[in-house]
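Here the protein sequences line up with chains A and B, keeping their order. For the first sequence, position 245 matches number 552 in the working numbering, and the numbering has no gaps at all. For the second sequence, position 220 matches number 264 in the working numbering, and the numbering has no gaps at all.
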Amino acid sequence: MSDTINSAPAEESEELEKRLTKRDLVKTYLIWQFFSHSNYNYERLQATAFAHSMTPAIKRLYGGDEEQTRQALKRHLVFFNTSPDFGAVIHGVTLAMEEQKANGKPVPDDAINSMKTGLMGPLAGVGDTIGQGIMVPLFLALGISITGLKAGAEQDLADLNGNPLGAILYVILITAFVLGVTWVAMSQGYRRGRSAVTEVFKSGLMDRVILGAGVLGNMVLGGLAASFVKLYVGASITVGETHLRLQQDVFDHIMPGLLPLALVLLTWWLLTRGWHPIKLLVIYVVVCILGAIPFMGPAPQYVTDACGSSILQPYAPCAAPTGDDAGSGK
Amino acid sequence: MRHLFTARPRRRVIGLTTSGKIAVGVSTVILLVGIPTIAQAYAEGPKAAEAGAPTVTFIQALLIGLGYYLSQAPWLAGVSFYTLYRPLVAGLLVGIILGDPGQGALIGAAINLVYLGFISAGGSIPGDPALAGWIGTTIALAGGLSYGEALALAVPIGLLGTLVWNARMTVDSAFAHAADRAAERADIGGVVRANVLYPQLWLFLITAVPVTIAVFLGTGFIVDLLGTFPIWLLSGLAIAGGVLPAIGIAMNMRFIFRGSAVPYFFLGYLSMVILGSSMSIMLLAVIGVALAFLHITFIGGGAALAGASTGGSGRSSLAERRAQGAARVAAGDTKGADK
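Structure below.
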């Protein structure tokens, strides 16, 4: 039985009375591409969008038969949730299975349902990791670097000349990626069927792709962290006769960029321990503001001259003379 | 591994997620503090307004409201989630609307750093990058805010956005039932309406309308409000501007900072620190591609990043998805699916 389901529809096209046309395939693609998250909801997530995307096939295969139309609509209104792009494989396979079913092949509802629920998890995993997890940040990083954003060095955004091409390039890259992946995933799913899809998962090809993308993603992420995460300590301590500026005399001697790296790793560790990002956002803002309270010296007149009067320091390490003055004021 | 969304139930008819509760709590505090402040600013208003408080015209506010709606609507081939939803793009568009595309893109890029690792998982979102991008850029551009101020401002705005998201995800469940009833009548058009028409009307109501009003009436007040902050507080926000991108980056690291790919993060970090401005992200990406090929060829794929490959984020629940995915890929096609 499973052989009939799995074999490519093209091979036995002569036997099939009711067939989906290329046009139906394109319609399904467009509907899913446009409306996959139109009615995204807590109860069944993408269920109505999946049913919507099956309507061209339902019209073609069960048109005129009210009972079969009803059954088909209900069949596809169950809980569904996957990656909108890579997950379109499932739509392709479903179309192939519905086609078989409409032609009297023994394809029980259960087979379609369990295929959908069986594939949606792994595909969401792959799709979200590659798409949202790696490609989006990668393209964003390129776009952001082209806009000319510099962290820390120049405090006033108005002093920088922004380049809109960065954002435009990002839009072009990500749109081509998303539209392309969805189409390839769906048409391949339809042509090759379920067995081919599970083969790809078992062959380890996906693991290699994800590993390679992970290497690239980590490189870029590391570079981004170095460019945009900034943390400077303005405080200094006096031990006997020696006046130690913590930033220049301690941290920078151990390793340049030590504090931001430690901060990123700490944040990552807290997130993996189950801390919510929103909680961290709030805590970090509060800590930064507390760290800026000028309790060790005169209150700053400009944002840039807070040096040495507070624990943390914006933009850049303190210039030497100011640091000494403020430090001795304690 | 204990995970962010571990404790969350898979289905939820009504009610808020943990993040939703946090968001509601924080937003309520912001509103409670914010409304009296704004009212006070309004009472003292005329003076501040004459002092050159920036204004946004109604048409501009309307376009920004529409832009925020479109960032979550299906009309742009469904790619708005990847484009208009991201502060980088939102910033560019706000810049175009307000007459300074370059500055807009720059501010958007800054705000986007906080949301770099944003991933929508299991129908829940950690903050709303779109609201932070659209409103945050508007205020920053109108008020000429600094980098740190723009970033720090974007955070509470992004939190408010989760309210919009929760309102949408909760009410949309009702339309799924409308689709059920249409299916019972074998009414294909009814299912389509339940998927498109009703939820989009609702979405428009909770996105475009409030954002238009907020931008039109609120921008000047918030900019004035920031003007009353003492310098050290602004310093604090500037420091936050350097710290907050760590969260965006770390959120992304949850998905790729694992297995044999870990050393490459340090390699990227150190190259950037050592080479400074002579190293660009583009250059780093090209080197990264070369290293990725070498790594796969000589070290091999296998199960190195297996956790990420089968689990990733998933949209129902990260940990649940991970376990489910691993099990299904290992055994699923022979057992579950092949009836």
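The beta carbon of each residue, even a glycine, is placed where N, CA and C say it ideally should be.
Quick one: grab the DSSP three-state call for L456 (chain A).
-> coil
CB contact flag (W575 (chain A), A252 (chain B), <7 Å) | no
Starting from T362 (chain A), follow the beta strand (DSSP E) in both directions and report where the run begins and ends.
-> Where T362 (chain A) is concerned, there is no enclosing beta strand (DSSP E), although the alpha helix (DSSP H) it sits in stretches over 354-369.
Coil, strand or helix - Q639 (chain A) by DSSP = There is simply no residue 639 (chain A) to check, as chain A begins at 308 and stops at 637 in what is shown.
Report yes or no: is there a C-beta of chain B within less than 7 Å of the C-beta of P621 (chain A)?
-> Yes, contact with chain B.
Identify, in the order they occur along the chain, each residue of the same chain with its Cβ nearer than 8 Å to the Cβ of M427 (chain A), setting aside the five sequence neighbours on each side.
-> Short of 8 Å from the beta carbon of M427 (chain A), and not among the five residues preceding or following it, lie these beta carbons of its own chain, in chain order: F387, N388, T389, G394, I397.
Between which two residues does the beta strand (DSSP E) carrying I481 (chain A) extend?
-> Element bounds for I481 (chain A): not the beta strand (DSSP E) but the alpha helix (DSSP H), 472-510.
Can you grab the Cα-Cα spacing for the pair L136 (chain B) / I544 (chain A), in whole Å?
-> Taking the straight line from one Cα to the other gives about 45 Å.
Quick one: what's got a C-beta closer than 7 Å to P429 (chain A)'s C-beta in the same chain, skipping five residues either side?
-> F508
Interfacial residues, the segment 570-583 of chain A to chain B, with Cβ spacing under 7 Å = L570, V571, T574, W575, L578, T579, R580, G581, H583
Tell me, to the nearest whole angstrom, how far the beta carbon of A176 (chain B) is from that of A184 (chain B); I am working on the premise that it is less than 8 Å.
-> Not confirmed; about 11 Å, so no contact.
Using a threshold of 7 Å, state whether the C-beta atoms of A222 (chain B) and A354 (chain A) are closer than that.
-> no
Output yes or no for whether 7 Å exceeds the beta carbon distance between K408 (chain A) and V414 (chain A).
-> yes
Close Cβ partners of A474 (chain A) (< 7 Å) along its chain, the five nearest in sequence each way excluded = G450, T454
Does any residue of chain B bring its CB to less than 7 Å from the CB of L368 (chain A)?
-> no
Reference L189 (chain B); option with closest CA among B:L335, B:G205, B:D172, B:G148 | B:G148
Per the contact definition of three or more C-beta pairs closer than 8 Å, is the segment 304-311 of chain B in contact with the segment 522-536 of chain A?
-> As far as the Cβ criterion goes, the segment 522-536 of chain A touches the segment 304-311 of chain B, which means the pair count is three or higher.
Note down, in chain order, every chain A residue with its Cβ under 7 Å from the Cβ of D224 (chain B).
-> L384
With a 10 Å radius around its C-beta and 16 neighbouring C-beta atoms as the bar for buried, classify T181 (chain B) as buried or exposed.
-> buried
Proximity to L588 (chain A) [Cα-Cα], best of B:L110, B:M323, B:L197 | B:L197
Own chain, CB closer than 7 Å to A153 (chain B), minus 5 neighbours either side, in chain order | L132, G135
So what's V536 (chain A) in DSSP terms, helix, strand or just coil?
-> coil
For S534 (chain A), count neighbouring C-beta atoms within 10 Å of its own C-beta (all shown protein chains included) and say buried if the count is 16 or more, exposed if not.
-> buried
In chain A, what lies closer than 7 Å to L269 (chain B) by C-beta?
-> Here the premise fails: no neighbours, minimum Cβ distance about 15 Å.
Contact residues within the segment 276-290 of chain B, judged by C-beta distance below 8 Å to chain A | Those would be W276, L277, L278, S279, G280, L281, A282, I283, A284, G285, G286, V287, L288, P289, A290, in chain order.
Where R237 (chain B) sits in the DSSP three-state scheme | helix
Given a threshold of 16 other Cβ atoms within 10 Å of its Cβ, counted over all protein chains shown, does I103 (chain B) qualify as buried or as exposed?
-> It counts as exposed.
In chain order, what residues of the same chain lie with their CB nearer than 8 Å to the CB of G192 (chain B), ignoring the 5 residues before and after it?
-> L278, L281, A282, I283, A284, G285, G286
Are P289 (chain B) and L150 (chain B) closer than 7 Å when you measure CB to CB?
-> Judged by their CB atoms, P289 (chain B) and L150 (chain B) are not nearer to each other than the 7 Å cut-off.
Can you tell me whether DSSP reads H221 (chain B) as helix, strand or coil?
-> helix
Per-residue burial, W119 (chain B) [other beta carbons within 10 Å of its own, 16 or more giving buried] | Result: exposed.
Kindly list, in the order they appear in chain B, the residues whose Cβ is closer than 7 Å to that of R377 (chain A).
-> A227, E228, A230
Integer Cβ distance of Q340 (chain A) from A121 (chain B), believed to fall under 8 Å | Contact annotation, Q340 (chain A) with A121 (chain B): C-beta distance approximately 6 Å; criterion of less than 8 Å satisfied.
Under the rule that 16 or more other beta-carbon atoms within 10 Å means buried, what is L338 (chain B), buried or exposed?
-> exposed
For the segment 231-259 of chain B, enumerate the residues whose C-beta is nearer than 7 Å to any C-beta of chain A, in chain order.
-> I232, V235, V236, A238, N239, V240, P243, Q244
Cβ-based contacts, 7 Å cut-off: residues of the segment 590-604 of chain A near chain D = Annotation note: the requested chain D is absent from the structure, which comprises protein chains A and B.
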